[in-house]
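Undergrad: Just so we're aligned, residue 1 is where the sequence shown starts under full-length UniProt numbering, counting upward by one.
A virtual CB, placed ideally from N, CA and C, is assigned to each residue, including glycine.
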Amino acid sequence: MVAILELVESIALRVDADGRVTPASPAAARWLAARPGAPSLGALFGAASPAFLRSLAESSGKAVPENPWPEGPVAWDLSLEPSDGVLAVGVAIRSPRALASQLATATLLDKSLALAVLPRESAAPLGERLQPKAYRESTVMFIDAVQFSRLAARVDPVTCLKQLDFFFSAFDQITSAFGVEKLRTAGDTYVAVSGIPHRRLSHAVDATFAALRCAQVVASGLTPIVDEWDWSFRIGLHSGPCISGVLGSKKPVYDLWGDTVSVASHVERVGQPDSVCVSGAVRQLIEPFFSLEFLQTTVTRSVGEIEVFAVRGLLPELQTDDQAMVANAEFTARYESRFGSPCPTAAQEALGVELGQGLDEF
1 MVAILELVES
11 IALRVDADGR
21 VTPASPAAAR
31 WLAARPGAPS
41 LGALFGAASP
51 AFLRSLAESS
61 GKAVPENPWP
71 EGPVAWDLSL
81 EPSDGVLAVG
91 VAIRSPRALA
101 SQLATATLLD
111 KSLALAVLPR
121 ESAAPLGERL
131 QPKAYRESTV
141 MFIDAVQFSR
151 LAARVDPVTC
161 LKQLDFFFSA
171 FDQITSAFGV
181 EKLRTAGDTY
191 VAVSGIPHRR
201 LSHAVDATFA
211 ALRCAQVVAS
221 GLTPIVDEWD
231 WSFRIGLHSG
241 PCISGVLGSK
251 KPVYDLWGDT
261 VSVASHVERV
271 GQPDSVCVSG
281 AVRQLIEPFF
291 SLEFLQTTVT
301 RSVGEIEVFA
311 VRGLLPELQT
321 DDQAMVANAE
331 FTARYESRFG
341 SPCPTAAQEA
351 LGVELGQGLD
361 EF
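(1) Does Arg-136 pass the burial test, meaning 16 or more other C-beta atoms within 10 Å, or should it be called exposed?
(2) To the nearest angstrom, how far is it from the Cα of Ala-204 to the Cα of Phe-289?
(3) Do the region 264 to 272 and the region 292 to 311 touch if we need at least three Cβ pairs shorter than 8 Å?
(4) Kindly list the residues whose CB is nearer than 6 Å to the CB of Gly-127, restricted to its own chain and excluding five residues on each side of it in sequence; keep chain order.
(5) How should Asp-188 be labelled, buried or exposed, when 16 other C-beta atoms within 10 angstroms of its C-beta is the threshold for buried?
(6) Grab the span of the alpha helix (DSSP H) containing His-266 for me, first residue to last.
(7) Note down the Cα distance separating Gln-131 from Lys-250, rounded to an integer number of angstroms.
(8) Ignore the nearest five residues each way along the sequence and tell me which others in Leu-318's own chain have a CB closer than 8 Å to its CB.
(9) Look up Glu-181 in the DSSP assignment and say whether it is helix, strand or coil.
(10) Identify whether Glu-317 lies in helix, strand or coil by the three-state DSSP scheme.
(11) Among residues of its own chain, excluding the 5 on either side of Pro-342, which ones have a beta-carbon nearer than 7 Å to its beta-carbon?
(12) According to DSSP, is residue 379 helix, strand or coil?
(13) So, do the region 156 to 166 and the region 192 to 202 have three or more beta carbon pairs nearer to each other than 8 Å?
(14) Measure how close the beta-carbons of Val-86 and Leu-32 come, nearest whole angstrom, since I'm counting them as under 8 Å.
(15) Near Phe-171, which residues of its chain fall below 7 Å by C-beta distance, leaving aside the five closest residues on each side in sequence?
(16) Determine the contact status of Leu-237 and Ala-207, defining contact as a CB-CB distance below 9 Å.
(17) Taking Asp-259 as the reference, give the member of Ile-306, Val-146, Pro-23 with the closest Cα.
(18) Hey, quick one: how far does the alpha helix (DSSP H) through Asp-206 stretch, first residue to last?
(19) Decide if Phe-294 is buried, meaning its Cβ has at least 16 other Cβ atoms within 10 Å, or exposed.
(20) Looking only at C-alpha atoms, which of Ser-202, Ser-25, Ala-145 sits nearest to Val-91?
(21) For Ala-324, which beta-bridge partners are listed by DSSP?
(22) Do you know whose CA, among Ile-243, Ala-310, Ile-174, Asp-255, lies nearest Val-218's CA?
(23) If you follow the alpha helix (DSSP H) that Gln-284 is in, where does it begin and where does it stop?
(24) Which two residues bound the contiguous beta strand (DSSP E) that contains Glu-9?
(25) Spatial neighbours of Phe-233 within its chain, please: CB distance less than 8 Å, with the 5 preceding and 5 following residues excluded, ordered by chain position.
(26) Tell me which same chain residues have a C-beta within less than 6 Å of the C-beta of Ser-202, skipping the five on either side of it?
(27) From Gln-348 to Arg-30, what distance separates their C-alpha atoms?
(28) Contact defined as beta carbons within less than 8 Å: I believe Ala-210 pairs with Val-180. What is the distance between those atoms, to the nearest angstrom?
(29) Can you tell me whether Gly-245 is helix, strand or coil according to DSSP?
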């Protein structure tokens with residue numbers, strides 16, 4: 001937002017004994033240059049002569065112009081100088097062009113800040129509260145670094161965080177390519193959601209494909225810093241209803257609430273490192289597309305017993321590569337037939353395409 005003080009500028013003019021007006025500050029020089037013609041004392045100060053202007057400075061210290069210039073100061077503070085001249089200081093509204101530029105810059109900054117912390121569909125001017133929304137279907141994804149505390153204790157903080165930033169930046173680009181919304185990072189945990197705020201039937205398939213690609217980034221070992229530490233992440237997903245919104249008036253954070261969030265976090269905690277683990281609810285939604293393996297039955301405090309499955313990749317008839325990570329035309333046709341929407345382009349491309357410049361450019 002633009003502050004009031006940014007809309008005005010101080011103008012200082014010097015009037016000598018002969019009535020010549022000269023700028024006493026850079027802002028005054030710009031102000032005079034924007035107004036053609038030699039300024040008269042009458043137009044500026046409502047004074048008929050230099051002597052009258054000096055008398056105004058001696059008597060009241062102020063003069064209200066009878067015929068002020070457009071967009072000019074509404075009042076002047078006058079003071080006598082030792083050289084028998086007068087120093088006039090006023091406040092002028094900035095030119096329309098300067099104001100337009102200032103407002104445009106502030107608007108873009110306000111919008112960019114909003115989009116940095118809020119989903120595009122929900123982004124509002126900063127300071128405006130977002131109404132909570134309930135979603136009947138969504139898929140929440142948790143990604144957590146394994147034994148991160150031990151890693152942080154054995155390497156210097158800069159190296160540790162650069163490595164973590166590499167992975168989180170890669171996750172950002174992958175989730176964005178599959179239409180999955182990043183929510184936040186908390187320490188070494190990355191949280192995202194599919195189906196919120198943009199509702200779609202394919203939320204579980206999109207989130208699972210994005211999770212597989214995130215696991216592939218970790219397995220690739222292409223990190224920017226050579227370190228003997230073997231990075232490992234657990235990834236857990238669960239599908240169900242959620243409530244989204246923003247709480248508080250400072251440092252707004254778009255977040256989710258509901259059992260779906262806590263169950264997704266639980267699936268991640270009990271899942272296998274370096275693999276994508278999903279709940280039974282996710283399995284029912286993605287079985288036509290992915291190969292799954294039953295791992296265990298676990299108990300959660302919020303919903304009781306749930307089954308946990310590991311996602312091993314695309315079904316054989318839907319893949320084009322030996323790693324089961326690139327979808328073929330049959331996958332695309334099945335996706336569009338089932339959900340009535342186009343398949344994400346990233347699903348048909350090898351890892352690295354959705355990462356823009358590629359892993360080695362991070």
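TA: Based on what the coordinates show:
(1) What you label residue 136 is simply residue 136 of the sequence shown in a count that begins at 1. Classification of Arg-136: exposed, given that the 10 Å Cβ count is below 16.
(2) Sequence index remark: in the sequence shown, residue 204 carries index 204 (1-based). Sequence index remark: in the sequence shown, residue 289 carries index 289 (1-based). Between Ala-204 and Phe-289, the C-alpha separation is close to 11 Å.
(3) yes
(4) Against the sequence shown, residue 127 aligns to sequence position 127. Bear in mind that a pLDDT of 43 at Gly-127, under 50, signals an unreliable position, so the number given afterwards is only what the model happens to contain. So the list is empty, once near-sequence residues are dropped.
(5) Along the sequence shown, one-based indexing puts residue 188 at 188. Label assigned to Asp-188: buried.
(6) Locating residue 266 in the sequence shown gives position 266, where the first residue counts as 1. Taken as a continuous stretch (DSSP letters only), the alpha helix (DSSP H) holding His-266 covers 259 to 270.
(7) In the sequence shown, counting from the first residue as 1, residue 131 sits at position 131. In the sequence shown, counting from the first residue as 1, residue 250 sits at position 250. When rounded, the distance between both Cα atoms is 16 Å.
(8) Sequence index remark: in the sequence shown, residue 318 carries index 318 (1-based). Once the five neighbours on either side are set aside, the close Cβ partners of Leu-318 are Phe-289, Ala-327, Asn-328, Glu-330, Phe-331, Arg-334.
(9) Reading the sequence shown from its first residue, position 181 is the one you call residue 181. Here Glu-181 sits in strand by DSSP.
(10) As a working note, residue 317 is residue 317 in the sequence shown. Note: Glu-317 maps to helix in three-state DSSP.
(11) Translated into the one-based positions of the sequence shown, residue 342 becomes position 342. Hits under 7 Å: Glu-336.
(12) For the chain, the structure presents residues 1 to 362; residue 379 sits outside this window and is missing.
(13) no
(14) To locate residue 86, count along the sequence shown from 1; it is residue 86. To locate residue 32, count along the sequence shown from 1; it is residue 32. Not really, about 16 Å apart at Cβ, beyond 8 Å.
(15) Here residue 171 corresponds to residue number 171 of the sequence shown, with the count starting at 1. Taken in chain order, the residues that qualify are Ile-143, Tyr-190, Cys-214.
(16) Taking the sequence shown and counting its residues from 1, one reaches residue 237 at position 237. Taking the sequence shown and counting its residues from 1, one reaches residue 207 at position 207. It is a contact, given that the beta carbons lie within the stated cut-off.
(17) What you label residue 259 is simply residue 259 of the sequence shown in a count that begins at 1. Out of Ile-306, Val-146, Pro-23, Ile-306 has the C-alpha closest to the C-alpha of Asp-259.
(18) In the sequence shown, the residue the question calls residue 206 occupies position 206. Here the alpha helix (DSSP H) through Asp-206 covers 203 to 220.
(19) Here residue 294 refers to the residue found at position 294 of the sequence shown. Exposed, since its Cβ has fewer than 16 Cβ neighbours within 10 Å.
(20) As a first step, residue 91 is located in the sequence shown; it is residue number 91 there, counting from the start. For Val-91, the nearest C-alpha among the options comes from Ser-25.
(21) One-based indexing of the sequence shown puts residue 324 at position 324. The partner list for Ala-324 (beta bridge, DSSP) is empty, contrary to what the question assumes.
(22) Along the sequence shown, one-based indexing puts residue 218 at 218. Of Ile-243, Ala-310, Ile-174, Asp-255, the residue nearest in Cα terms is Ile-174.
(23) By 1-based counting over the sequence shown, the position of residue 284 is 284. From DSSP, the alpha helix (DSSP H) with Gln-284 extends over 280 to 286.
(24) Residue numbering aside, residue 9 sits at position 9 when the sequence shown is read from its first letter. Here the beta strand (DSSP E) through Glu-9 covers 8 to 15.
(25) Position 233 of the sequence shown, counting from 1, holds the residue named residue 233. Closer than 8 Å at Cβ, skipping near neighbours: Ile-143, Asp-144, Ala-145, Val-146, Phe-167, Cys-214, Ala-215, Val-218, Pro-273, Asp-274.
(26) By 1-based counting over the sequence shown, the position of residue 202 is 202. Excluding sequence neighbours, Ser-202 sits near Phe-339.
(27) As a working mapping, residue 348 is identified with position 348 in the sequence shown. As a working mapping, residue 30 is identified with position 30 in the sequence shown. Answer to the nearest angstrom: the Cα atoms are 58 Å apart.
(28) The sequence position of residue 210 within the sequence shown is 210, counting from 1. The sequence position of residue 180 within the sequence shown is 180, counting from 1. About 5 Å; that satisfies the 8 Å criterion.
(29) As a position in the sequence shown, residue 245 is number 245, starting the count at 1. Of the three classes helix, strand and coil, the one that applies to Gly-245 here is strand, per DSSP.
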